[in-house]
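Colleague: Below is a structure I'd like to ask you about.
Residue numbers (our numbering): 220 to 614.
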């Protein structure tokens, strides 16, 4: 168990290092290209391949992990991110098409890294110890999201202090160092099991995992439909915030989200037991309050700035609990022999939800304004609640 904890910490370190660059790159691209005069829909389009190839990667990455071991997919993700950052620093090649391709590489890298890190926990924790599994999954995911928030802040800070190109070179240096340390210190082989996954097993045959994946799709599209493009552009264009202030708010949101996610086992009170499908129903239903309250407050004529900031923080807290519950359930439901296939399929749905939300975020904001994205978020959360009810009735 002692070695398992050490390996868990090095897997987490790899995940942390990657996440810092992922969050910083996201903010760099949004702010830098908005600064160059790109429209909200054009900025959103830069991330289409990032999310689309996340879908493909989770599907095939789970199969690769089951066939060749999680260590290979974990370090492949880190290497691809270093490549993407290095190429994006070549400003003479920058164009919409080039950035989309580099974002595709980054998206592949992110989901290889995430799928590997989360599936690896299944190998390191005894199968019957659901309470420990929930704590480890929540800590890994929560700390990652907190660091992604730090990455958002870091991206805005680096852009202001060092400029676009130098910021990317600094991230290449930092991530290369993290990768080297993890290569030298991660002892667990994380090899594939004797069971060899077949290519025709890419799609989950478990109805519970299918329902959970569908709920995840709508949960994350409900977040990204207003958070990814519409929110930062709304704050800059309509509320006249400075880039640094936007970076701080986005960073604070994700950090709060990550902290709450890490603390979810304590907040939910699962000291012996662990969450189940009914927990997913309750947490998703509670999330409906956030967009609904923002809509009502806006119609009452309250300050747009206060509505957005307070609504954003409340959304962060409840969304974090939802995400922690889902992240535990997929690892818990996953087949022990080929867990990476089930986890990969689930995160394929997650990436699909982010892609759908990202497209809608730019499109709805440009055509109908910020309020339309909040209404859409409400509808998407309602879909998540409905699917979660089906999952609870099944379990």
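For each residue, glycine too, the CB sits at the ideal point set by N, CA and C.
I need the DSSP call for residue 308, collapsed to helix, strand or coil.
Modeller: Indexing the chain shown from 1 puts residue 308 at position 89. Correct three-state label for residue 308: coil.
Colleague: With a threshold of 6 angstroms on Cβ separation, who are the neighbours of residue 444 within its own chain once the five nearest residues in sequence on each side are excluded?
Modeller: Numbered from its first residue, the chain shown carries residue 444 at position 225. Excluding sequence neighbours, residue 444 sits near 576, 579, 580, 592, 595, 596.
Colleague: What's the gap between the Cα of residue 273 and the Cα of residue 466?
Modeller: Here residue 273 is taken as the residue at index 54 of the chain shown, counted from 1. Here residue 466 is taken as the residue at index 247 of the chain shown, counted from 1. Near 24 angstroms, if we compare the C-alpha coordinates of residue 466 and residue 273.
Colleague: Quick one, which of 375, 353, 569 has its alpha-carbon nearest residue 495's?
Modeller: Taking the first residue of the chain shown as position 1, residue 495 is located at position 276. If we check each option's Cα against that of residue 495, 353 comes out closest.
Colleague: What residue from 298, 538, 335 has the CA that sits closest to residue 498's CA?
Modeller: Numbered from 1 along the chain shown, position 279 holds the residue referred to as residue 498. Of the candidates 298, 538, 335, the one whose C-alpha sits nearest the C-alpha of residue 498 is 538.
Colleague: Using a Cβ-Cβ cut-off of 6 angstroms (strictly less than) and excluding sequence neighbours within five positions of residue 296, which residues of its own chain qualify?
Modeller: Here residue 296 is taken as the residue at index 77 of the chain shown, counted from 1. So the qualifying residues of the chain are 328, 331, 332.
Colleague: In its own chain, which residues sit with a C-beta less than 6 angstroms from the C-beta of residue 358, not counting the 5 before and 5 after it?
Modeller: Sequence index remark: in the chain shown, residue 358 carries index 139 (1-based). Here the set comprises 481.
Colleague: Among 587, 540, 515, 312, which one has its Cα closest to the Cα of residue 488?
Modeller: The sequence position of residue 488 within the chain shown is 269, counting from 1. Looking at the Cα atoms, 540 is the closest of the given residues.
Colleague: Rounded to whole angstroms, what is the Cα-Cα separation between residue 318 and residue 256?
Modeller: Along the chain shown, read from residue 1 onward, the residue named residue 318 stands at position 99. Along the chain shown, read from residue 1 onward, the residue named residue 256 stands at position 37. Taking the straight line joining both Cα atoms gives about 15 angstroms.
Colleague: Taking one C-beta from the stretch 598–606 and one from the stretch 506–515 each time, how about it: are there three or more such pairs within less than 8 angstroms?
Modeller: The answer is yes - the stretch 506–515 touches the stretch 598–606, with three or more Cβ pairs under 8 angstroms.
Colleague: For residue 426 and residue 292, I'd like the C-alpha separation in whole angstroms.
Modeller: Locating residue 426 in the chain shown gives position 207, counting from the first residue. Locating residue 292 in the chain shown gives position 73, counting from the first residue. Cα-Cα distance, rounded: 27 angstroms.
Colleague: When you compare only the Cα positions, how much space is there between residue 403 and residue 590?
Modeller: Here residue 403 refers to the residue found at position 184 of the chain shown. Here residue 590 refers to the residue found at position 371 of the chain shown. Approximately 50 angstroms between the Cα atoms of the pair.
Colleague: Nearest-angstrom Cα distance between residue 225 and residue 516?
Modeller: Translated into the one-based positions of the chain shown, residue 225 becomes position 6. Translated into the one-based positions of the chain shown, residue 516 becomes position 297. If you take the alpha carbons of residue 225 and residue 516, they lie about 48 angstroms apart.
Colleague: In chain order, what residues of the same chain have a beta carbon less than 8 angstroms from the beta carbon of residue 511, not counting five sequence neighbours either side?
Modeller: What you label residue 511 is simply residue 292 of the chain shown in a count that begins at 1. Once the five neighbours on either side are set aside, the close Cβ partners of residue 511 are 597.
Colleague: Is residue 271 a contact residue of the ligand NAP, with contact defined as CB to any heavy atom under 7 angstroms?
Modeller: Within the structure as shown, the ligand NAP is missing, as the structure has no ligands at all.
Colleague: In three-state DSSP terms, what is residue 270?
Modeller: Start at 1 with the first residue of the chain shown, and residue 270 comes out as number 51. Residue 270: helix per DSSP, three-state reduction.
Colleague: Count Cβ pairs between the stretch 302–312 and the stretch 383–402 that sit closer than 8 angstroms; are there 3 or more?
Modeller: Flag = yes, the stretch 302–312 and the stretch 383–402 touch.
Colleague: In or out: residue 534 buried (at least 16 other Cβ within 10 Å) or exposed?
Modeller: What you label residue 534 is simply residue 315 of the chain shown in a count that begins at 1. Counting Cβ neighbours within 10 Å, residue 534 comes out buried, since at least 16 surround it.
Colleague: Run the CB neighbour count on residue 372, radius 10 Å, all protein chains shown included, and call it buried at 16 or more, exposed below.
Modeller: Within the chain shown, the letter at position 153 stands for residue 372. Looking at its Cβ environment, which holds 16 or more other Cβ atoms inside 10 Å, residue 372 is buried.
Colleague: Does residue 459 come out as helix, strand or coil in the three-state DSSP assignment?
Modeller: Within the chain shown, residue 459 is the residue found at index 240, counting from 1. Correct three-state label for residue 459: coil.
Colleague: Pull up the distance between the alpha-carbon of residue 613 and that of residue 546, whole angstroms please.
Modeller: Counted from its first residue, the chain shown places residue 613 at position 394. Counted from its first residue, the chain shown places residue 546 at position 327. Computed Cα separation, rounded: 19 angstroms.
Colleague: Alpha helix (DSSP H) containing residue 530: first to last residue?
Modeller: Translated into the one-based positions of the chain shown, residue 530 becomes position 311. First-last of the alpha helix (DSSP H) with residue 530: 523–552.
Colleague: Please state if the CB of residue 453 and the CB of residue 251 are separated by a distance shorter than 8 angstroms.
Modeller: Along the chain shown, one-based indexing puts residue 251 at 32. Along the chain shown, one-based indexing puts residue 453 at 234. No. Outside cutoff.
Colleague: Label residue 228 either buried or exposed according to how many other C-beta atoms from any shown protein chain fall within 10 Å of its C-beta, with 16 as the threshold for buried.
Modeller: Position 9 of the chain shown, counting from 1, holds the residue named residue 228. With fewer than 16 other Cβ atoms within 10 Å, it is exposed.
Colleague: Below 7 angstroms CB to CB, which residues in the same chain sit around residue 401 once its five sequence neighbours on both sides are set aside?
Modeller: Taking the chain shown and counting its residues from 1, the one referred to as residue 401 is at position 182. 229, 232, 233, listed in sequence order.
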